[in-house]
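Residue numbers (the working numbering): 6 to 610.
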């Protein structure tokens with residue numbers, strides 16, 4: 006990584022470097038230093054943390070009036086680590102351009118780019134000293150990015166990606182020419198994320214089977230989840246016993262929630278709550294106290310003039326009468342039963358990175374110790390990485406099998422700010438067990454987009470499908486299923502049964518994207534992934550495109566360690582997925598449009 010300053014003629018400014026000083030701890034290494042020249046000084050502070058996060062705060066100060074040709078940051082990437090990209094107007098998939106240039110536009114939530122492969126990548130995020138976390142989801146336009154004056158330079162700055170011969174691909178953030186007066190200081194701050202953050206946990210990927218309790222009687226929902234063979238139940242707000250969003254603390258409800266959790270634990274079922282900070286319910290006991298903090302906790306939006314997708318005609322009457330100004334109306338829910346039956350829960354958007362995060366952590370600690378919840382389910386969060394790290398530590402301390410799973414809707418469009426979900430939340434992924442990206446997404450998108458956006462495998466976190474249950478056949482190629490939501494099971498239960506019968510958790514996933522792939526097809530629209538075992542393997546094949554796809558499957562039997570003449574191939578019956586075929590001919594296979602197959606390949610003993 007090179008930070009480069011050039012004068013007005015384009016000549017590189019030479020700096021004399023002082024010896025940096027270092028400090029370290031069990032989780033972090035920090036260092037700072039200074040570089041000097043006749044015209045400019047650079048001071049910097051940097052740190053790298055155990056989870057793959059790096060942060061540089063770079064200050065450039067002029068000794069006297071100076072004309073600068075450019076100030077830039079260059080990151081060379083090896084070809085094998087620049088196969089995929091995402092960010093700055095690229096929704097995610099193969100890096101299909103050798104000459105790319107992007108300019109700042111804060112109408113879009115774009116200030117970062119990831120480039121890499123399944124086993125190595127880097128995300129760059131640019132900022133200055135005025136950075137504030139923008140609002141997310143449908144509220145972006147009411148709390149946009151603060152444009153970094155150093156990097157943007159009144160429209161002259163941007164980011165380029167260019168292929169450098171056959172050796173490297175260069176990702177470069179540049180700021181362009183400018184005049185600096187004596188004493189002017191610019192802050193060229195940036196963050197780096199080194200991916201993947203961790204190894205994919207197979208026990209989570211294949212063993213965590215979710216059902217969502219959205220409305221209804223909680224104890225009956227536990228019984229229903231047990232019948233469905235789910236292992237974890239997420240309890241949403243709007244429930245009989247959890248009526249108010251992000252506030253499972255009502256005295257009348259805590260006893261019932263505690264009773265439900267104990268009943269679930271007695272039956273080896275884990276229970277997690279919908280719990281985050283983006284919305285603050287008006288039923289929060291300290292609501293008016295927090296509202297009095299002049300925007301620190303309740304985001305100071307347009308107030309009664311607010312119009313959103315959820316409230317297209319303006320805020321509900323309660324807000325108009327009681328709040329009037331400096332708020333944004335958010336999620337609402339009609340309570341279906343219990344002592345609050347018939348009431349409507351109303352909420353407002355919160356300010357990111359406030360002291361409310363401490364309340365969130367204290368509340369989580371209380372629930373873990375007193376209610377023995379098994380973690381949290383987060384939905385489009387304003388939480389920063391440090392708060393989520395605190396949550397992770399608490400959960401790991403109190404519940405050894407505790408989980409944090411994360412859901413988000415499609416942010417690539419209006420009014421969300423045109424940002425991919427995996428990009429937006431990548432800095433949280435070191436602390437997540439599972440992602441659930443897919444609401445509003447299109448599962449007809451190309452396989453490379455699936456890999457980068459939906460699966461979250463390049464970041465070391467397994468993912469599951471969402472919108473309409475996803476596509477079971479294409480999902481199988483990535484080892485993904487969906488979840489049970491209310492009355493919709495999306496045919497996932499038979500697939501779970503297949504996974505258990507053939508012990509997919511013990512097998513190594515070698516996907517079509519892997520250089521070690523032992524199975525290939527002769528049709529680019531058909532992708533195959535092998536879940537490899539020494540004596541038995543599972544082959545997932547799925548087709549893309551708008552029509553049936555003919556193909557032939559080729560095996561590298563030697564690499565597999567299998568004798569082709571001593572192998573049995575079976576297409577098992579899976580309800581809602583495929584019918585039984587005892588001796589399928591994989592050399593002449595037709596994949597029905599939008600579907601696929603699962604085969605079992607085993608050595609004959």
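We treat Cβ as the ideally placed atom computed from N, Cα and C, and that holds for glycine.
Quantities reported herein were computed from a predicted structural model and do not represent experimental measurements.
9 Å Cβ cutoff, residue 179 in contact with chain D: Given the protein chain composition of this structure (a single chain), no chain D is represented.
Where residue 261 falls: helix, strand or coil (DSSP): Against the chain shown, residue 261 aligns to sequence position 256. Residue 261 falls in the helix class under three-state DSSP.
The segment 595-603 / the segment 544-558 touching (three or more Cβ pairs under 8 Å): yes
Distance CB(residue 330)-CB(residue 308) smaller than 9 Å: The count along the chain shown starts at 1 and reaches residue 330 at position 325. The count along the chain shown starts at 1 and reaches residue 308 at position 303. Going by C-beta atoms, residue 330 is nearer than 9 Å to residue 308.
Nearest-angstrom Cβ-Cβ length linking residue 413 and residue 385, presumed shorter than 8 Å: By one-based count along the chain shown, residue 413 stands at place 408. By one-based count along the chain shown, residue 385 stands at place 380. Contact flag correct, Cβ pair sits at about 5 Å.
Secondary structure of residue 611, DSSP reduced to three states: Look at the range of the chain in this structure, 6 to 610, and you will see that residue 611 is not part of it.
Alpha helix (DSSP H) segment containing residue 372, residue limits: The residue given as residue 372 occupies position 367 in the chain shown. From DSSP, the alpha helix (DSSP H) with residue 372 extends over 361-375.
Buried versus exposed call for residue 612 [16 or more other C-beta atoms within 10 Å across all chains shown]: Only positions 6 to 610 of the chain appear in the structure, and residue 612 is not among them; the question remains open.
First through last residue of the alpha helix (DSSP H) which encompasses residue 506: If you number the chain shown from 1, residue 506 lands on position 501. First-last of the alpha helix (DSSP H) with residue 506: 497-506.
Terminal residues of the alpha helix (DSSP H) in which residue 403 lies: Mapped onto the chain shown, residue 403 falls at position 398. It spans 390-403 - the alpha helix (DSSP H) in which residue 403 sits, taken as one unbroken run.
CB-CB length for residue 448 against residue 472, believed under 8 Å: Taking the first residue of the chain shown as 1, we reach residue 448 at position 443. Taking the first residue of the chain shown as 1, we reach residue 472 at position 467. With 8 Å as the limit, residue 448 and residue 472 qualify as a contact, their Cβ atoms being about 7 Å apart.
For residue 603, the three-state DSSP class (helix, strand or coil): Locating residue 603 in the chain shown gives position 598, where the first residue counts as 1. Three-state DSSP puts residue 603 in a strand.
Residue closest to residue 432, alpha-carbon to alpha-carbon, out of 325, 370, 117, 535: Taking the chain shown and counting its residues from 1, the one referred to as residue 432 is at position 427. The residue with the shortest Cα to Cα distance from residue 432 is 117.
Which listed residue (51, 89, 179, 336) has its alpha carbon closest to that of residue 107: Here residue 107 corresponds to residue number 102 of the chain shown, with the count starting at 1. The option with the nearest alpha carbon to residue 107 is 179.
Three-state secondary structure assigned by DSSP to residue 292: If you number the chain shown from 1, residue 292 lands on position 287. Helix.
Three-state secondary structure assigned by DSSP to residue 169: If you number the chain shown from 1, residue 169 lands on position 164. Residue 169: strand per DSSP, three-state reduction.
Start and end residues, beta strand (DSSP E) containing residue 449: For the purposes of this step, residue 449 is taken as residue 444 along the chain shown, with counting starting at 1. Looking at the DSSP string, residue 449 is not in any beta strand (DSSP E), and its letter there is neither H nor E.
Beta-carbon proximity list for residue 370, same chain, < 6 Å, skipping 5 on both sides: Residue numbering aside, residue 370 sits at position 365 when the chain shown is read from its first letter. Only 399 meet the Cβ criterion.
Reduced DSSP category for residue 122 - H, G, I as helix; E, B as strand; rest coil: Against the chain shown, residue 122 aligns to sequence position 117. Looking at residue 122 - three-state DSSP - the assignment turns out to be strand.
Pairwise C-alpha distance: residue 461 and residue 202: The sequence position of residue 202 within the chain shown is 197, counting from 1. The sequence position of residue 461 within the chain shown is 456, counting from 1. Taking the straight line joining both Cα atoms gives about 11 Å.
Spatial neighbours of residue 560 in its chain, beta-carbon cut-off 6 Å, leaving aside the 5 residues before and after: Walking along the chain shown from the start, residue 560 turns up at place 555. So the list reads 524, once near-sequence residues are dropped.
Under the three-state DSSP convention, the category residue 325 falls into: On the chain shown, position 320 is the one that residue 325 refers to. In the structure shown, residue 325 sits in a helix (DSSP, three-state: H, G or I).
Identity of the residues DSSP links to residue 66 by a beta bridge: Taking the chain shown and counting its residues from 1, one reaches residue 66 at position 61. In DSSP, residue 66 forms a bridge with 46, 190.
Short Cβ contact (9 Å threshold) for residue 351 with residue 324: For the purposes of this step, residue 351 is taken as residue 346 along the chain shown, with counting starting at 1. For the purposes of this step, residue 324 is taken as residue 319 along the chain shown, with counting starting at 1. Yes, they are a contact pair.
Residue 564: first and last residue of the uninterrupted alpha helix (DSSP H) it sits in: The count along the chain shown starts at 1 and reaches residue 564 at position 559. Taken as a continuous stretch (DSSP letters only), the alpha helix (DSSP H) holding residue 564 covers 562-565.
Residues that residue 458 bridges to, as DSSP identifies them: Along the chain shown, one-based indexing puts residue 458 at 453. DSSP lists no partner for residue 458.
9 Å Cβ cutoff met for residue 70 and residue 11: As a first step, residue 70 is located in the chain shown; it is residue number 65 there, counting from the start. As a first step, residue 11 is located in the chain shown; it is residue number 6 there, counting from the start. Result no, Cβ atoms of residue 70 and residue 11 do not sit closer than 9 Å.
Neighbour-count burial assignment, residue 101, 16 or more Cβ in a 10 Å radius: Locating residue 101 in the chain shown gives position 96, counting from the first residue. So residue 101 counts as exposed.
Local conformation of residue 509 per DSSP, three classes: Along the chain shown, read from residue 1 onward, the residue named residue 509 stands at position 504. Looking at residue 509 - three-state DSSP - the assignment turns out to be helix.
Residue 674 versus residue 249: straight-line alpha-carbon distance, rounded: The structure shown does not extend to residue 674, since the chain is modelled only from 6 through 610, so no value can be given for it.
Residue 381 beta carbon less than 9 Å from that of residue 396: Walking along the chain shown from the start, residue 396 turns up at place 391. Walking along the chain shown from the start, residue 381 turns up at place 376. Yes, these two residues count as a Cβ contact at 9 Å.
9 Å Cβ cutoff met for residue 28 and residue 38: Position 23 of the chain shown holds residue 28. Position 33 of the chain shown holds residue 38. Not a contact, by the Cβ cut-off of 9 Å.
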